[in-house]
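One structure is given here, and the rest of the page talks about it.
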Amino acid sequence: MSNRGRFYITTPIYYPNAEPHLGHVYTTICADVLARYHRLVGEDTWFLTGTDEHGIKMVKTAESQNTTPAELVEKNVPIFESLWKELNISNDDFIRTTSARHKQGVEAIVRRMLDSGDIYLGSYEGWYDEGQEEFVTETEAKANEYKSAVSGRPLVRYKEPSYFFKLKKYAPRVLEHIQSQADFIQPEARRNEVISKLSAGVEDLSISRSSLKWGIPLPNDPQHVIYVWIDALSNYITAMGYGQADDALYQRYWPGVHLIGKEILWFHTVYWSAMLMSIGQPLPRQVYAHGWWTAEGRKMSKSMGNFIDLGKLRGVIGDYGLDALRYYLLRAAPFGNDLDWTETDFNKAFKELSDVLGNCLNRIVKMVGRYRGGVLPAAHEPVEEIDRNLQAQTEMLPQRLAGSYGRVELQQCAMLPIELARATNGYIDATEPFKLAKDPAKAARLETVLNLSAQAIYRSLLGLLAILPEKAAAGLRQLGVELEGRTMEQLLSMPLPPGLQLGEGQPLFPRVEKPA
Ligand code: MSP
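Our numbering applies: residue 1 is where the sequence shown begins, and numbers increase by one.
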């Protein structure tokens with residue numbers, strides 16, 4: 001199945017056991033940036049997110065709040081849905097695992113796994129991490145003193161009849177795929193982790209729970225509910241109509257790219273690949289595992305008071321704007337690495353937006369206003385070396401960005417256009433248009449400087465459209481450019497035409513008195 005020119009991107013579906021926080025917001029914003037970029041360059045794009053509503057974790061949380069899992073999800077899912085609207089997330093769909101369409105799709109998937117002879121009845125005895133919804137081997141459990149490697153909470157001993165999926169049968173093919181497709185798992189270091197764990201061997205996977213009622217019943221034995229990860233991973237195709245009457249979206253967009261946090265890479269590459277092999281469907285195009293956020297150097301925790309929750313995020317957005325938050329999140333570390341939320345870094349990132357990008361645009365719009373009545377002048381021959389350097393950087397930006405987006409180097413995607421704005425500021429400092437303006441004999445030189453600076457900031461803003469959707473569009477309006485749903489190709493094919501009437505110069509990122 002070819003999907004050239006098509007791009008399907010997903011986030012994990014989140015557990016609605018509590019309100020979303022920085023971690024969920026981060027993945028969703030990164031996926032949003034990718035979706036926006038691919039749409040801008042004219043690809044047929046689909047962006048999916050949603051909620052993972054079954055499993056023991058939801059049951060236990062509901063119990064602790066004296067409510068039912070059904071009531072708990074009805075309370076929390078709308079919070080996720082409305083948050084994504086509030087954060088201007090451009091998802092095309094939102095899948096809930098309690099929806100009828102998802103259940104129908106999961107049943108179809110499990111039936112196909114049964115038809116392949118890949119499911120058998122046995123009994124599970126062993127350790128379970130209820131926060132991660134993960135079976136843990138005796139060796140791993142012992143190594144972590146019978147506590148969760150992620151949350152530190154005690155593991156729970158399970159003993160019950162269970163259906164198993166023949167994971168062992170597929171493990172060699174999955175390993176072969178991971179080894180032969182270098183891009184399948186990114187980044188590289190994480191890929192190696194999966195390879196070494198998989199090479200050590202796997203057991204068949206327990207895929208049903210007979211002691212749990214909150215889940216999708218197994219079609220062949222409704223006394224069991226389907227293991228929450230089998231249920232959850234299926235969302236990526238059930239949301240596209242797989243196993244239902246209308247699977248046009250599935251036919252059009254699958255295979256997709258999964259953006260996830262590093263702690264759930266194993267599920268997405270090993271379990272999910274084996275499931276897809278069992279039902280005879282193509283594997284995902286790529287699984288990209290990003291790092292984890294800490295805050296001020298420590299694990300985020302409510303008791304330590306460093307938890308970046310919705311309230312804190314809304315405060316930052318209120319003070320600095322949503323686009324500043326988006327930029328900071330991408331800018332904070334090379335994509336894939338762990339990240340640390342610090343006030344110092346946030347202020348540094350905001351300064352790049354206000355003092356480098358915003359200031360550069362403002363200087364240019366103001367100078368064109370003052371020296372040429374707001375009408376963009378043409379550049380004149382001969383150009384000097386300093387001009388050619390800026391022109392080369394300006395021209396190269398779209399291509400460099402395409403490379404970085406292709407490799408999902410999101411930090412680079414954020415920084416490259418800012419670097420061009422920084423170079424433009426340097427160019428203005430060096431060519432001194434304010435002095436040229438005083439000498440009528442230097443009018444042509446002044447016009448060249450104004451034109452080339454404007455072309456550079458224009459490209460920088462275009463390059464930031466996926467990351468700063470509101471601010472980049474506002475900046476482009478100051479340059480007299482309306483986007484009107486044009487693709488990047490159309491925009492790039494036309495430099496700013498001389499004679500263009502620029503708009504009002506206004507600070508894009510006004511200074512904020514309050515510290516972050
Ligand atoms: N429901 C599963 C995923 C099923 S996907 C088929 C799940 N949900 S979750 O609510 O726990 O969300 C996990 C995801 O949230 C991580 O993979 C990551 O994308 C994001 N993050 C949660 N905490 C995070 C950090 N501290 N830092 C970065 N992202 C983390 O797992």
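Ideal placement from N, C-alpha and C gives every residue a C-beta, glycine not left out.
Item                                                                                                                                                                  : Value
Just to confirm, does I418 get its C-beta within under 6 Å of one of the non-hydrogen atoms of the ligand MSP?                                                        : no
DSSP three-state call for S2: helix, strand or coil?                                                                                                                  : Here S2 scores only 37 on pLDDT, less than 50, and its place in the model is too uncertain to base an answer on.
Have a look at E409 and P219 and give me their C-alpha separation to the nearest angstrom.                                                                            : 42 Å
Can you tell me whether A392 sits near the ligand MSP, meaning its C-beta is under 6 Å from at least one heavy atom of the ligand?                                    : no
Return helix, strand or coil for L121, following the three-state DSSP convention.                                                                                     : strand
Measure the beta-carbon distance from D231 to H54 and round it to whole angstroms, keeping in mind my assumption that it falls under 8 Å.                             : 6 Å
Looking at the unbroken beta strand (DSSP E) that takes in R293, where does it start and where does it end?                                                           : Per the sequence presented here, residue 293 reads as Trp, with Arg not at that position. Start and end: W293 to A295.
With H, G and I counted as helix, E and B as strand and the rest as coil, what does DSSP make of Y227?                                                                : coil
Would H380 be called buried (16 or more neighbouring beta carbons within 10 Å of its own) or exposed?                                                                 : exposed
Can you give me the start and stop residues for the alpha helix (DSSP H) that I29 sits inside?                                                                        : L22 to L40
Measuring only the C-alpha atoms, how far is G5 from R400?                                                                                                            : 19 Å
Three-state secondary structure (DSSP) at W214?                                                                                                                       : coil
Helix, strand or coil for E107, going by three-state DSSP, please let me know.                                                                                        : helix
The alpha helix (DSSP H) that contains V519, what's its start and end?                                                                                                : Beyond the ends of the chain as shown, which are 1 and 516, falls residue 519; an answer cannot be given.
Skipping 5 residues on each side, what residues in its chain have a beta carbon closer than 8 Å to that of F123?                                                      : First, the residue type needs correcting, since residue 123 is Ser and not Phe in the sequence shown. K159, E160, P161 and S162.
Hey, would you say the C-beta of G23 is under 6 Å away from at least one heavy atom of the ligand MSP?                                                                : yes
Going by DSSP, name the residue or residues bridged to R209.                                                                                                          : V225
What do you get for E134, buried or exposed, if any count of 16 or more other CB atoms within 10 angstroms of its CB means buried?                                    : buried
In the DSSP assignment, what residue or residues form a beta bridge with S162?                                                                                        : G122
Per DSSP, what kind of secondary structure is Q179 in: helix, strand or coil?                                                                                         : helix
Between the C-alpha atoms of E513 and D32, what's the straight-line distance to the nearest angstrom?                                                                 : 30 Å
Which one of P16, F307, K169 and V368 has the shortest CA to CA distance from G499?                                                                                   : V368
Hey, V449 and L436 are a contact pair by Cβ (cut 8 Å); roughly how many whole angstroms apart?                                                                        : 7 Å
Going by beta carbon distance, what residues of the same chain come within less than 8 Å of E263, once the five residues before and after it are set aside?           : Q132, V150 and W292
If you draw a straight line from the C-alpha of E352 to the C-alpha of D44, how long is it?                                                                           : 32 Å
Of the residues Y170, F267, P282 and W266, which one's Cα is nearest the Cα of R252?                                                                                  : P282
Would you mind reading off the limits of the beta strand (DSSP E) that contains L339?                                                                                 : L339 to W341
Do you know how far the Cα of R388 is from the Cα of A239?                                                                                                            : 50 Å
Please check the pair L22 and M300, which I expect to be a contact at CB under 8 Å, by giving their CB distance rounded to whole angstroms.                           : 7 Å
Thinking L198 and L175 are a contact (beta carbons under 8 Å), I'd like their distance in whole angstroms, please.                                                    : 5 Å
Please confirm whether A456 and T431 have their CB atoms less than 7 Å apart.                                                                                         : no
Less than 7 Å between the C-beta atoms of W272 and L233, yes or no?                                                                                                   : yes
Tell me whether W127 sits in a helix, a strand or coil according to DSSP, three-state version.                                                                        : strand
Among S82, F80 and T61, which has the Cα closest to the Cα of L72?                                                                                                    : T61
Check whether the region 109 to 116 touches the region 85 to 100, counting contact only when three or more Cβ pairs, one atom from each stretch, lie closer than 8 Å. : no
Quick check: is any heavy atom of the ligand MSP less than 6 Å from the C-beta of I317?                                                                               : no
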